[in-house]
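According to this note's numbering, the sequence shown is numbered sequentially starting from -19. Some notes on the structure that comes next.
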Amino acid sequence: MIVVYHKNNRISKIVSDGNYLSPFDYNVSISKGICLLATLFPESKIVWCKEEFQDFLNLKDINSIFHHNKMMLSYLPNGMNFLGRKIGYVEQSLFIKMNKNVSYPTWQMSSIVGVVHASLLIKIKGKIKQDLDFDYYLNSVAKVCMPLGLLCYSEPKLLSSYEGVIVYKEASIYTLFKFVKQHYKKRWLVLLILNLMVFEKQFPLLPFGVSIFYKTRKNNKLQLNTIPVQSTLKTTIDNTIDVIIPTIGRKKFLYAILQDLSKQTHLPINVIIVEQNPLPNSISELDYLTTEIWPFKIKHTFIHQAGACNARNLALSQVESEWVFFADDDIRIEREFVEKAFINIKSIGAEVVSICCLQKGQRQIFNDIFQWGSFGSGCSFVNSESLKDTFFSKQYEFGYGEDSDFGMMLRNNGHDVIYLPEPKILHLKAPIGGFRTESVLLWQKESIQPKPSPTVMLYRKTYNSREQLRAYKTTLFFKYYKYQDIKNPYSYFKMFQKQWNQSVLWANKLNMLS
């Protein structure tokens, strides 16, 4: 392990296994310095730390929290991140508004403290410029490499017992526009300046103009697949697994996935089925659950209440095993599916994974393991310990967003969601059951219909920053225009504002539901 201490944007000292390292050219930039050290020590972890935080650097836990080579960790205890709140006008992802009390997925890195493996720095050398501004360099590396499979986190365990107030230099408006130009599509420059004019009453025409001349850092030739990944973190002990399946009116399709589960090389302990039929006096149609012999225990609950959120919560309350497979009733899996999933889970030390789920003939877009921006309630494995204080909120019942909300609960409890491209799940996309009743939403009879859906608004108000919510409003305004009948721009603006306010109103009402 190499520890690089820095002060005033220059390396002040380097420690290797407790010994000061010399000779070394301390006049180079910090980014160039850590890349030189990576070349000298290609098997080492490279730690950086601002000199005034040396006494709080938690070196003893780095090996446990940095558990494989394709990771990048940093931490800023409090205060504004380098790019500031205005980056929310550009990016809508969950990586912007961070929970700094837990290990949280984000590409927003800090020069205060962090760690990366030398193999990554060697891989990106010559492909990502070694900026003089160390914060810019760190954020650039994470932003470019995160979609390629680099797992990036804000990690509070890097520092021990620090409670002071940090005065952290925020990037200038010129730097913000430069970063957006180099790491996003060009249209986001226009949306950034538009949002700043509308919501901040700022007119940064010069930073906008200057940024146009910077080259993009999106490098299609950069690949991280050759960096070996074998986690030292033990997230599995006995590999026992329960499967939960909510179902309604899909007898034939449910039977098919039960057959697939019964043929697994790694069998589940329990298959927990919550069957819904909202028709009064109805009875279960799943006769094969008792008439056939299954190589696992089937826990069958029959209810007259429709709703996937309620059904999944009932199933979760019956889980006994170390892991849970969240499955849909209209999927198919290969014989070695569970076994292969556990192999991948062990290799990266994951606690939560969502697995590639495609319809027949659908092209696979993502081929790398990376940090997923959502959660699949019909295609995910979750360690049972990670499910504490996590549930499917009834606020989202019959609406949109319950999957994403559940995933955010996991992340805010310190459990990241990782996407696995293998093994694959086939999604049959079965027709809805014949006795499903159409739900009547609370706002359905309003004369002015909310836009967006109140459940979407609730999710965004809960997990987005103020700037992200504002930017979403701007993009929705333009996207929705061509799909509605009002073509007069001013009339459309007035109607859109009414629909937006209606959505906010109902989102607030939903938020009051316990």
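Each residue gets a CB set at the ideal place from its N, CA and C atoms; glycine is no exception. Predicted model, so just to flag it, every value in this text is computed and none were measured.
Boundaries of the alpha helix (DSSP H) around G13: I10 to L20.
Contact between the segment 130 to 147 and the segment 42 to 59 is present: three or more C-beta pairs spanning the two stretches fall below 8 Å. Secondary-structure assignment with DSSP links L241 through no beta bridge to anything.
Straight through space, the alpha carbons of F159 and R197 are spaced by roughly 9 Å. By the Cβ criterion, the segment 193 to 211 is in contact with the segment 36 to 49, since at least three pairs of Cβ atoms, one from each stretch, lie closer than 8 Å. For E382, the three-state secondary structure derived from DSSP is helix. Put simply, the backbone Cα of S73 is about 32 Å away from that of S301.
One alpha carbon belongs to A295, the other to G379, and they sit about 20 Å apart. Residue environment analysis places D35 among the exposed positions, since fewer than 16 neighbouring C-beta atoms fall within 10 angstroms of its C-beta. Between the alpha carbons of S433 and Y148 lies a distance of about 38 Å. Cα atoms of Y235 and N392: separation of roughly 36 Å, rounded to the nearest angstrom. About 12 Å separates the CB atoms of A451 and Y164; that is not less than 8 Å, and the two are not in contact. The three-state secondary structure of R(-10), taken from DSSP, is strand. Under DSSP, N250 forms a beta bridge with D222 and K277. Q239 sits exposed, since fewer than 16 C-beta atoms from the chains shown fall within 10 Å of its C-beta. By the criterion of a C-beta distance shorter than 6 Å, A122 is surrounded in its chain by M52, W87, M89 and C132, once the five residues flanking it on both sides are discounted. A Cβ-Cβ contact shorter than 8 Å links S445 with I76. Pairwise C-beta distances place the segment 253 to 261 out of contact with the segment 335 to 345, as fewer than three of them are shorter than 8 Å. With a cut-off of 8 Å on Cβ pairs, the segment 424 to 431 is not in contact with the segment 349 to 369, counting fewer than three such pairs. Contact check for H284 against C337 fails: the beta carbons are separated by 8 Å or more. Note that the C-beta distance between G356 and D396 is not below 8 Å. DSSP, read as helix, strand or coil, puts F159 in helix. Rounded to whole angstroms, the gap between the alpha carbons of I405 and D308 is 10 Å. Under the rule that a run must span 3 or more residues, the beta strand (DSSP E) segments found entirely inside the segment 295 to 337 read 303 to 307.
Using a Cβ distance threshold of 8 Å, S9 and L112 count as a contacting pair.
Nearest neighbour of P127 by Cα position, chosen from F317, T442, I349 and F476, turns out to be I349. Residue pairing by DSSP places M389 opposite no residue, since no beta bridge is assigned to it.
Rounded to the nearest whole angstrom, the C-alpha separation of F179 and F457 is 14 Å.
Leaving aside the five residues that flank S419 on each side, the residues in its chain whose CB is nearer than 6 Å to its CB run, in chain order, F378. The alpha-carbon of L490 is positioned some 8 Å away from that of T435. For the set Y399, T227 and Q244, the Cα lying nearest the Cα of I252 is the one of T227. The alpha-carbon of G358 is positioned some 32 Å away from that of E426. Annotation: I67 is outside any beta strand (DSSP E) and is labelled neither H nor E by DSSP.
Judged by DSSP secondary structure, L400 falls outside any alpha helix (DSSP H) and instead within the beta strand (DSSP E) spanning I398 to H407. By the C-beta criterion, the segment 16 to 27 is judged to be in contact with the segment 89 to 105, since at least 3 inter-stretch pairs fall below 8 Å.
Under the DSSP definition of a beta bridge, C29 partners with Y(-15) and V93.
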